[in-house]
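Novice: My questions all concern the structure below.
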């Protein structure tokens, strides 16, 4: 029988996990003490926290422990990138049933470590507790390298609205899983393991982006947050939304309009930004609309689909 | 009927919570964006995360939402103090059933805010998700004000072992609650809402403490961690453990040896430290033993009670 986290115990599990976590040069004190100590040279730390709950954000029959780790890390690392910052550290809280196989817990740690490694961040600390539900709580810490943070509140009429990264892939993958389909495999994989364009956040900040956010609730909803915070409206150009091949194929297979996934699907953690109109955009960024007066985000009739993903509803 | 978090929705709940969170001067960007930005002037951030799970760390029939908030914050703020650091910010993840009354969620935020205010820290960000189980994930961030962190690994033979703060209060309170007793009320209150001696951490660091930890798993177990990390042993003087009045009264009432609670009870978040023998101790610290060679923590026979609180077992 597979060893469970209940059998191994809290301290045994922590010891096994910590052994898998290499520490980068910004880590002054890693796991194992009451707290970690991380270097943040410009005297400011960027911090964000997110929870993933089994049955809401993942299903164990659809996602491996490793995928859960990748996804939990990605969600938080994308929030750091969405401030124009660079992640340096993760802290992880795991609430898990005692029946969880130790291998699943280690795979989760392995996934967190590997996603963090994409941006040279380290898993510096955490907590493990017993719980009926499986909950992964991740906190990411980042640095701004001397730049100001890019908030949601700086968009101005006349700016261009641009996105970088995937739109609609994770939503397509989820729809395929619900339909018990496994093709296109790239879309299913994208739901299990998003690929946020981390470097595009600091690049947008360096290029003078006025506003920046990540797409976690759906593009229309997240741009709505930017519009509200900035006191502006936006007009999106639907012709700029050309579905990527896996999204187009999945949409055709399931008889769905792919624009719906692209405009309202979250979890790909693309980045969206508003740039000054004369600004040449950094690599990977594409214009999808412009900032206007007024408080409404218009997308040629699709705005009625807004709402994206709100928990509890 | 009371409004529930399911009825209010994620964004409504966040908006209601954020309105209750004043931001201190170290907060450069507070809640409401993808991440917060906090000032850490000496270029190092101290970070720790802990989870509290309903049914394991609290019971809603024993603790109010406000008490849960106080306790969740206290647990993490104590970990920062246990590095000799000063807390500046908290991030909070709340996984809650949709049926949770909004007032309970707001009371929890209120409790977090008030505990943080004791050390002039601010709640700078968080996440709210739906979940069958109620889980509170807190991350605390702190600053070292130019000092090195005080780890568990620096104790040396000849040092004195000292503690600051309450021992056995929370364990006594829990035993009273289990026995459906409500007196002494101070002990019950201490279980619901610990009172860690936050300022004693930086004070111990400034006084040259060699090692420092908080008492979260029970004094014998936590000192065992220090002994292991430092490669030393300890001999505790049982005569130094005089139960405080509420602990003594509760012990007498329940027919329990109060030393057991003092040596193995966690959750009061007292601080324990090893100081150089010639060092005059800062206010509130009291000597309870000394550091010796060898890897064993001895307490006159009580070490067989070690074990404290390990989750999953």
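Residue numbers (our numbering), protein chains in the order written: chain A, 11 to 323; chain B, 11 to 323. Every residue, glycine too, gets a C-beta built ideally from N, C-alpha and C.
Would you decide whether residue 252 (chain B) is buried or exposed? Buried here means 16 or more other CB atoms lie within 10 Å of its CB.
Specialist: The residue is exposed, with fewer than 16 neighbouring Cβ atoms inside 10 Å.
Novice: Counting only Cβ pairs nearer than 8 Å, list the residues of chain A close to residue 2 (chain B).
Specialist: Any question about residue 2 (chain B) goes unanswered here, given that chain B covers just 11 to 323.
Novice: Taking residue 91 (chain B) and residue 211 (chain B) to be in contact with their CB atoms under 8 Å, please state how far apart those CB atoms are, rounded to whole angstroms.
Specialist: Going by Cβ atoms, the distance from residue 91 (chain B) to residue 211 (chain B) rounds to 3 Å, so yes, they are a contact pair.
Novice: Going by the beta-carbon positions, is the gap between residue 98 (chain A) and residue 44 (chain A) smaller than 7 Å?
Specialist: Taking 7 Å as the Cβ cut-off, residue 98 (chain A) and residue 44 (chain A) do not qualify as a contacting pair.
Novice: In angstroms with no decimal places, state the Cα-to-Cα distance between residue 308 (chain A) and residue 299 (chain A).
Specialist: So the alpha carbons of these two residues sit roughly 10 Å apart.
Novice: For residue 103 (chain B), name the three-state secondary structure that DSSP assigns.
Specialist: Strand.
Novice: Compare the beta carbon distance of residue 150 (chain A) and residue 279 (chain A) with 7 Å and say whether it is the shorter of the two.
Specialist: In this structure, residue 279 (chain A) does not lie closer than 7 Å to residue 150 (chain A) by Cβ.
Novice: Within 7 Å of any Cβ in chain A, is that where the Cβ of residue 127 (chain B) sits?
Specialist: With 7 Å as the cut-off, residue 127 (chain B) does not count as an interface residue toward chain A.
Novice: Rounded to whole angstroms, what's the CA-CA distance from residue 144 (chain B) to residue 13 (chain B)? Just pull it up for me.
Specialist: So the alpha carbons of these two residues sit roughly 17 Å apart.
Novice: Counting contacts by CB-CB distance shorter than 7 Å, is residue 159 (chain A) in contact with chain B?
Specialist: Yes, residue 159 (chain A) lies at the interface with chain B (some Cβ there is under 7 Å from its Cβ).
Novice: Closest to residue 165 (chain B) by C-alpha separation, out of B:224, B:71 and B:283, would be which residue?
Specialist: Nearest C-alpha to residue 165 (chain B): B:283.
Novice: If you count every other CB in all the chains shown that lies within 10 Å of the CB of residue 304 (chain B), and 16 or more means buried, which is it?
Specialist: Classification for residue 304 (chain B): exposed.
Novice: In this structure, how does DSSP classify residue 110 (chain B) when only helix, strand and coil are distinguished?
Specialist: In the structure shown, residue 110 (chain B) sits in coil (DSSP, three-state: anything other than H, G, I, E or B).
Novice: Considering only the beta carbon of each residue, do residue 78 (chain B) and residue 116 (chain B) sit closer than 7 Å?
Specialist: Result no, Cβ atoms of residue 78 (chain B) and residue 116 (chain B) do not sit closer than 7 Å.
Novice: What residues in its chain sit with their C-beta under 6 Å from that of residue 235 (chain A), if we drop five residues either side in the sequence?
Specialist: The residues are 162.
Novice: From residue 285 (chain B) to residue 240 (chain B), what distance separates their C-alpha atoms?
Specialist: One C-alpha to the other measures close to 13 Å.
Novice: Rounded to the nearest angstrom, how far is the Cβ of residue 207 (chain B) from that of residue 174 (chain B), given a contact under 8 Å?
Specialist: So it is a contact: roughly 5 Å between Cβ atoms.
Novice: Verify the CB distance criterion: does residue 90 (chain B) have a CB-CB separation below 7 Å to chain A?
Specialist: Closer than 7 Å: yes.
Novice: What distance in whole Å lies between the Cβ atoms of residue 133 (chain B) and residue 154 (chain B), which are believed to be in contact at a cut-off of 8 Å?
Specialist: Residue 154 (chain B) to residue 133 (chain B), Cβ: 21 Å. No contact.
Novice: Using the C-alpha atoms, what's the distance from residue 180 (chain A) back to residue 289 (chain B)?
Specialist: Cα to Cα, the separation comes out at about 60 Å.
Novice: Determine which residues share a DSSP beta bridge with residue 64 (chain B) and list them.
Specialist: Partner(s): B:68.
Novice: Tell me, please, whether the CB atom of residue 210 (chain A) is closer than 7 Å to any CB atom in chain B?
Specialist: Not closer than 7 Å to any Cβ of chain B, the Cβ of residue 210 (chain A) fails to qualify, so no.
Novice: Note down, in chain order, every chain A residue with its Cβ under 7 Å from the Cβ of residue 51 (chain B).
Specialist: Here the neighbours are 53.
Novice: Pick out whichever of A:263, A:257 and A:277 has its Cα sitting closest to the Cα of residue 269 (chain A).
Specialist: Cα-wise, what sits closest to residue 269 (chain A) is A:257.
Novice: Beta-carbon separation of residue 152 (chain A) and residue 96 (chain A) under 7 Å?
Specialist: Result yes, Cβ atoms of residue 152 (chain A) and residue 96 (chain A) sit closer than 7 Å.
Novice: Identify the contact partners of residue 169 (chain B) in chain A, using a Cβ-Cβ distance below 9 Å as the criterion.
Specialist: Neighbours of residue 169 (chain B) on chain A: none; closest Cβ ~18 Å, over 9 Å.
Novice: Among A:124, A:213, A:274 and A:125, which has the Cα closest to the Cα of residue 225 (chain A)?
Specialist: Cα-wise, what sits closest to residue 225 (chain A) is A:274.
Novice: Please decide whether residue 123 (chain B) counts as near chain A, where near means a Cβ-Cβ distance under 7 Å.
Specialist: So, not an interface residue.
Novice: Does DSSP put residue 265 (chain B) in a helix, in a strand, or in coil?
Specialist: Coil.
Novice: Closest Cβ-Cβ distance between residue 27 (chain A) and chain B: below 7 Å?
Specialist: Chain B, which has no Cβ nearer than 7 Å to the Cβ of residue 27 (chain A), makes this no.
Novice: Around the C-beta of residue 51 (chain B), are 16 or more other C-beta atoms found within 10 angstroms, so that it is buried, or is it exposed?
Specialist: Residue 51 (chain B) should be labelled exposed.
Novice: Taking all protein chains shown into account, do 16 or more other C-beta atoms lie within 10 angstroms of the C-beta of residue 75 (chain B), making it buried, or fewer, making it exposed?
Specialist: Buried: at least 16 other Cβ atoms inside 10 Å.
Novice: If contact is defined by three or more beta carbon pairs under 8 Å, each pair taking one atom from either stretch, is the segment 242-251 of chain B in contact with the segment 184-192 of chain B?
Specialist: Too few Cβ pairs lie closer than 8 Å, so no.
Novice: Given this structure, state the Cα-to-Cα distance separating residue 82 (chain B) from residue 217 (chain A), to the nearest angstrom.
Specialist: The straight-line gap from Cα to Cα measures roughly 41 Å.
Novice: If residue 105 (chain A) sits next to residue 63 (chain B), beta carbons under 8 Å apart, how far is it from one beta carbon to the other, in whole angstroms?
Specialist: Contact flag correct, Cβ pair sits at about 5 Å.
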